[in-house]
Amino acid sequence: MAVATSAVDQATGTAADAPAELATARDKLARANQAMARKDYVQARQLADEAAADAALAQATARSARSSRALSEVRESIQQLQSQLNRS
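Residue numbers (UniProt numbering): 1 to 88.
Next comes the structure, spelled out in structure tokens:
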């Protein structure tokens, strides 16, 4: 449970770039906590593992989105430089 909680906490910074994935991770972590309260340890473990995986997916999705934006900015800069060179 601690690993899943930590993974979700770390992924929280990705909320803007991966809201759906983060919401899924949070939901599964909440369900894992409920399963722990019911002493359904097998279900709690499975949901905690899934929450950790979803949190990792949220982080990867956010990194991908940031990289795509950065790539677009670089391409735009290159086009601007090429236009300036062509005018010279």
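All C-beta atoms in this analysis are idealised placements derived from N, C-alpha and C, irrespective of residue type, glycine included. It should be emphasised that the depicted structure is a prediction, and the values quoted were computed from it without experimental measurement.
Residue from the options with nearest C-alpha to residue i
i	options	result
T5	P19, R31 and L71	R31
residue 116	Q80, A62 and S83	A question about residue 116 goes unanswered here, because the residues of the chain that appear run from 1 up to 88.
E50	R66, L29 and S72	L29
Span of the alpha helix (DSSP H), counted from its first residue to its last, around residue i
i	result
R66	Y41 to R87
R38	First-last for R38: undefined, no H or E at that position.
T5	A2 to A11
Heavy atom of the ligand NAP within 6 Å of residue i beta-carbon
i	result
A37	The model on display carries no ligand, and the ligand NAP is accordingly not part of it.
Residue i vs residue j beta-carbon contact at 7 Å
i	j	result
V3	A52	yes
A16	A58	no
M1	A48	yes
A55	A11	yes
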